[in-house]
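*Asks:*
Encoded structure:
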């Protein structure tokens, strides 16, 4: 029985699908990682149009106040187990828009991320590296950060 | 002064003005004594042929107690521009001016934006609602000089609650209004639709048929125009280039031209050629995404992957030059940021070779694709007259057969020495817009080849010194002044209106007029009466980027 469950984790980790949802400009490098030069599908990653089939939610850069409820709703619609990956400086502290009127400065306090990928925007290699880290996390049976806590649990969206 | 420019001067004669001056060869600048005449001015401009309003840009002067309104009229056919200023009181109660939207339809969203940000109420505007703002800013007018951002931003999560409440109330209002037994409904297209990006089109439909589209924008609103006022003149390029990452070079060029105009600095010919070269590379990188996206909206991803492959080679050039693939920050007031290592030209040649080797395949398989043409030729038709009236620009305008391109109309950088012509396609349908963008790819490569040759010759003959000529010094503090610059961005015309105060270290006001704003404004007119399945394709063909839509 244990071996079958191990196999599920293995299968899940080798075919990570991410919800196709752009909140900011880092999604451009996400597209580049999808392209022929970096070709993330060789690692089993694929964007899917619906959150219902997704394993990973990417916070692609900045999160504005207006899009935060949509982001959380997308996350809530994903089936367990689900992971969050934060791309770029914006998703950490607002990055270059830290001083802006309308950008959430602490998106990962609201929706904790399992992996941070640094850069503005991060390079495609770094994005793939980040996804590999999530792969390891699944294989090690580590629970996702957002399931452990975060402000999103008390929020209405 | 050309004869057609005299017509503009004549049109302005009948109004009481403080001054009328010849600002640039194709520009007049005038200041009205009374703001009440603005509608009459708009009518006179329209009669003279300046039928498009680029944008409305208010500047807030709290000490004087005035709100200075700047209107930028333009004639896209005979290439004339007129900058009309007037003053209104800034006191929120009396901050009012007549709307020119009934005369000049392209002003509609620009006036709504000025109302949302500065609280200028436009009398007789057909639909003066808040635009871009998130609901917590409704009625707060965040771009006014006395708005306390720090106090407002303390309670961010409370604001999110407000946004959620507002959204739910909107859905409930829809449910209450619509007959549950009927076939009418309001459909939210986006922001989670794979082809939409962060924008929400509120589509009112009866079964499959679209009755109306109301775009809800502002999902990536970063208030860049406000952000730059807290940065110095060089630091501001970080915000300006993030207008949209797909073509970040040309937006920086526009901003730097405005700064140089106020500082009174002339950049070197070498820097001009570099701006041209880098700008065209960025344009290719944007157009590659644009043509790919167009097919994505029809559900075919192959062309996107082919394009991304070619695009990588051009990004390599940008990376070798600036150290970053996308956020290059490569253009700075005074020239370009880095000296040129001539090895870059080999890398550029590799990119050009890759382009030449692939473009034929892309053309045969996709650009001439009969299935696509059959599908896209029927929808999204815009006539030349409509395109001018609605203030469209760039490839979308040229696809309607209008010969307009800022690179030729008002040459900047080294475009006055480049051999090029307008790329126009008659027709104005979605298929024609794809065709225009595709043809412009080839045009950009031709320009790159010219720029590359010129730089190589100049360096070989000793005319350019690539290690020194890239930059001239621009003072850190600028005098008080005001400048307008226009560039042909990948998606269309970007107009920068920069205002500085005496001895200022940072911009006092920067208005960025970006093309996607007008292109989204017309979606309602294009989609009404069509079916739901047309939305992605029409939206994709308008070449919209949410980054410059919201700013």
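Chains as they are written, first to last, in my numbering: chain L, 97 to 253; chain G, 208 to 758. Glycine residues also receive a C-beta, built at the ideal position from the N, C-alpha and C atoms.
With 16 as the cutoff for other CB atoms within 10 Å, does residue 408 of chain G come out buried or exposed?
*Replies:* For this step, residue 408 of chain G is matched to residue 201 along the second chain. Label assigned to residue 408 of chain G: buried.
*Asks:* Based on DSSP bridge pairs, tell me the residues matched to residue 328 of chain G.
*Replies:* As a first step, residue 328 of chain G must be located in the second chain, where it is residue number 121. Answer is G:303, bridged to residue 328 of chain G.
*Asks:* Taking a Cβ distance cut-off of 9 angstroms, strictly less, list which residues of the region 428 to 454 of chain G are near chain L, in chain order.
*Replies:* Listed by position, the residues of the region 428 to 454 of chain G near chain L (Cβ gap below 9 angstroms) are 428, 429, 430, 431, 433, 434, 437, 438, 445, 446, 449, 451, 452 and 453.
*Asks:* Contact criterion: CB-CB distance below 8 angstroms. Does residue 348 of chain G meet it with respect to chain L?
*Replies:* Stepping through the second chain from its first residue, residue 348 of chain G is reached at position 141. Judged by the 8 angstroms Cβ criterion, residue 348 of chain G is not in contact with chain L.
*Asks:* Would you be able to state if there are at least three C-beta pairs under 8 angstroms between the region 726 to 737 of chain G and the region 559 to 578 of chain G?
*Replies:* no
*Asks:* Verify whether the separation of the beta carbon atoms of residue 526 of chain G and residue 444 of chain G is less than 8 angstroms.
*Replies:* Position 319 of the second chain, counted from the first residue, corresponds to residue 526 of chain G. Position 237 of the second chain, counted from the first residue, corresponds to residue 444 of chain G. It is not a contact, given that the beta carbons lie outside the stated cut-off.
*Asks:* Taking buried to mean at least 16 other C-beta atoms within 10 Å of its own C-beta, is residue 500 of chain G buried or exposed?
*Replies:* Position 293 of the second chain holds residue 500 of chain G. By the 10 Å Cβ count, residue 500 of chain G comes out buried.
*Asks:* Under three-state DSSP, which class holds residue 500 of chain G?
*Replies:* Here residue 500 of chain G refers to the residue found at position 293 when the second chain is read from its first residue. Helix at residue 500 of chain G.
*Asks:* According to DSSP, what are the bridge partners of residue 280 of chain G?
*Replies:* Numbered from its first residue, the second chain carries residue 280 of chain G at position 73. Looking at the DSSP assignment, residue 280 of chain G forms a beta bridge with G:260 and G:289.
*Asks:* Per the DSSP calculation, residue 428 of chain G is bridged to which residue(s)?
*Replies:* As a working note, residue 428 of chain G is residue 221 in the second chain. Answer by DSSP bridge pairing: none, since residue 428 of chain G is not bridged.
*Asks:* Helix, strand or coil: which one does DSSP assign to residue 581 of chain G?
*Replies:* As a first step, residue 581 of chain G must be located in the second chain, where it is residue number 374. Here residue 581 of chain G sits in helix by DSSP.
*Asks:* Looking at residue 410 of chain G: is its Cβ nearer than 8 angstroms to the Cβ of residue 420 of chain G?
*Replies:* Start at 1 with the first residue of the second chain, and residue 410 of chain G comes out as number 203. Start at 1 with the first residue of the second chain, and residue 420 of chain G comes out as number 213. Yes; because the gap between Cβ atoms is below 8 angstroms, this pair is in contact.
*Asks:* Residue 532 of chain G versus chain L: which residues are under 7 angstroms apart at the beta carbon?
*Replies:* Numbered from 1 along the second chain, position 325 holds the residue referred to as residue 532 of chain G. Within 7 angstroms Cβ-Cβ: 219.
*Asks:* May I have the straight-line CA-CA distance separating residue 505 of chain G from residue 359 of chain G, to the nearest angstrom?
*Replies:* To locate residue 505 of chain G, count along the second chain from 1; it is residue 298. To locate residue 359 of chain G, count along the second chain from 1; it is residue 152. Computed Cα separation, rounded: 43 angstroms.
*Asks:* Tell me residue 412 of chain G's beta-bridge partners as DSSP assigns them.
*Replies:* Translated into the one-based positions of the second chain, residue 412 of chain G becomes position 205. G:392 and G:417, per the DSSP bridge assignment.
*Asks:* Along the region 366 to 394 of chain G, where does the CB come closer than 7 angstroms to a CB of chain L? Name the residues.
*Replies:* Within the region 366 to 394 of chain G, 366, 367, 368, 370, 371 and 374 place their CB atoms closer than 7 angstroms to a CB of chain L, listed in sequence order.
*Asks:* Residues in the region 143 to 166 of chain L with C-beta within 7 angstroms of chain G's C-beta atoms, listed in sequence order?
*Replies:* Within the region 143 to 166 of chain L, the residues whose Cβ lies closer than 7 angstroms to some Cβ of chain G are 145, 158, 160, 161, 162, 163, 164, 165 and 166, listed in chain order.
*Asks:* For residue 521 of chain G, which residues of its own chain have a beta-carbon under 6 angstroms away from its beta-carbon, when the five flanking residues on both sides are left out?
*Replies:* Locating residue 521 of chain G in the second chain gives position 314, where the first residue counts as 1. Result list for residue 521 of chain G: 488, 491, 492 and 558, in chain order.
*Asks:* Bridge partners of residue 156 of chain L, per DSSP?
*Replies:* Position 60 of the first chain, counted from the start, is the residue given in the question as residue 156 of chain L. Secondary-structure assignment with DSSP links residue 156 of chain L through a beta bridge to L:183.
*Asks:* Which residues, taken in chain order from the region 392 to 413 of chain G, show a beta carbon closer than 7 angstroms to some beta carbon of chain L?
*Replies:* Flagged, chain order: 398, 399, 401, 404 and 405.
*Asks:* Hey, could you find the ends of the alpha helix (DSSP H) residue 728 of chain G is sitting in?
*Replies:* Against the second chain, residue 728 of chain G aligns to sequence position 521. Element bounds for residue 728 of chain G: 722 to 728.
*Asks:* If distances are taken between C-alpha atoms only, which option among G:463, G:507 and G:448 comes closest to residue 535 of chain G?
*Replies:* In the second chain, the residue the question calls residue 535 of chain G occupies position 328. Out of G:463, G:507 and G:448, G:448 has the C-alpha closest to the C-alpha of residue 535 of chain G.
*Asks:* Where does residue 488 of chain G sit, in a helix, a strand or coil, going by DSSP?
*Replies:* As a working mapping, residue 488 of chain G is identified with position 281 in the second chain. Helix.
*Asks:* List the residues of chain G that residue 193 of chain L touches, going by C-beta distances under 9 angstroms, in chain order.
*Replies:* Position 97 of the first chain, counting from 1, holds the residue named residue 193 of chain L. Going along chain G in sequence order, the residues near residue 193 of chain L (Cβ under 9 angstroms) are 429, 430, 431, 434, 446 and 449.
*Asks:* Against chain L, does residue 356 of chain G count as a neighbour if the rule is that its beta carbon must be under 8 angstroms from one of theirs?
*Replies:* Sequence index remark: in the second chain, residue 356 of chain G carries index 149 (1-based). Yes - at least one Cβ of chain L is within 8 angstroms of the one on residue 356 of chain G.
*Asks:* Give the C-beta separation of residue 205 of chain L and residue 247 of chain L to the nearest angstrom, bearing in mind that I take them to be a contact with Cβ-Cβ under 8 angstroms.
*Replies:* As a first step, residue 205 of chain L is located in the first chain; it is residue number 109 there, counting from the start. As a first step, residue 247 of chain L is located in the first chain; it is residue number 151 there, counting from the start. Yes, residue 205 of chain L and residue 247 of chain L are in contact; Cβ-Cβ is about 6 angstroms, under 8 angstroms.
*Asks:* Could you work out which residues of chain G lie near residue 253 of chain L, taking near to mean beta carbons separated by less than 7 angstroms?
*Replies:* Within the first chain, residue 253 of chain L is the residue found at index 157, counting from 1. The answer, in chain order, is 371.
*Asks:* Hey, could you find the ends of the beta strand (DSSP E) residue 238 of chain G is sitting in?
*Replies:* For the purposes of this step, residue 238 of chain G is identified with residue 31 of the second chain, where counting begins at 1. Taken as a continuous stretch (DSSP letters only), the beta strand (DSSP E) holding residue 238 of chain G covers 234 to 239.
*Asks:* Output, in chain order, the set of chain L residues within a Cβ distance shorter than 9 angstroms of residue 596 of chain G.
*Replies:* Against the second chain, residue 596 of chain G aligns to sequence position 389. Per Cβ cutoff of 9 angstroms: no residues; residue 596 of chain G is ~30 angstroms from chain L at best.
*Asks:* Measure from the C-beta of residue 133 of chain L to each C-beta in chain G and report whether the shortest distance is under 8 angstroms.
*Replies:* Within the first chain, numbered from 1, the residue matching residue 133 of chain L stands at position 37. It does: the Cβ of residue 133 of chain L has a partner Cβ on chain G nearer than 8 angstroms.
*Asks:* Hey, is the region 433 to 441 of chain G in contact with the region 667 to 676 of chain G, meaning 3+ C-beta pairs nearer than 8 angstroms?
*Replies:* Judged by Cβ distances under 8 angstroms, the region 433 to 441 of chain G makes no contact with the region 667 to 676 of chain G, as fewer than three pairs qualify.
*Asks:* Cutting at 6 angstroms between CB atoms, please list the residues of its own chain near residue 598 of chain G, excluding the five before and the five after it.
*Replies:* If you number the second chain from 1, residue 598 of chain G lands on position 391. Around residue 598 of chain G: 259, 313 and 725.
*Asks:* Check the Cβ-Cβ distances between residue 426 of chain G and every residue of chain L, and say whether any is below 8 angstroms.
*Replies:* If you number the second chain from 1, residue 426 of chain G lands on position 219. So yes, residue 426 of chain G belongs to the interface.
*Asks:* Can at least three beta-carbon pairs, one atom from the region 260 to 274 of chain G and one from the region 313 to 322 of chain G, be found at a separation below 8 angstroms?
*Replies:* By the Cβ rule, the region 260 to 274 of chain G counts as touching the region 313 to 322 of chain G, because three or more pairs are nearer than 8 angstroms.
*Asks:* Residue 701 of chain G and residue 541 of chain G: beta carbons closer than 8 angstroms?
*Replies:* Residue numbering aside, residue 701 of chain G sits at position 494 when the second chain is read from its first letter. Residue numbering aside, residue 541 of chain G sits at position 334 when the second chain is read from its first letter. Not closer than 8 angstroms, so no.
*Asks:* What residues in the region 534 to 554 of chain G have a beta carbon less than 7 angstroms from any beta carbon of chain L?
*Replies:* The region 534 to 554 of chain G vs chain L, Cβ under 7 angstroms: 534.
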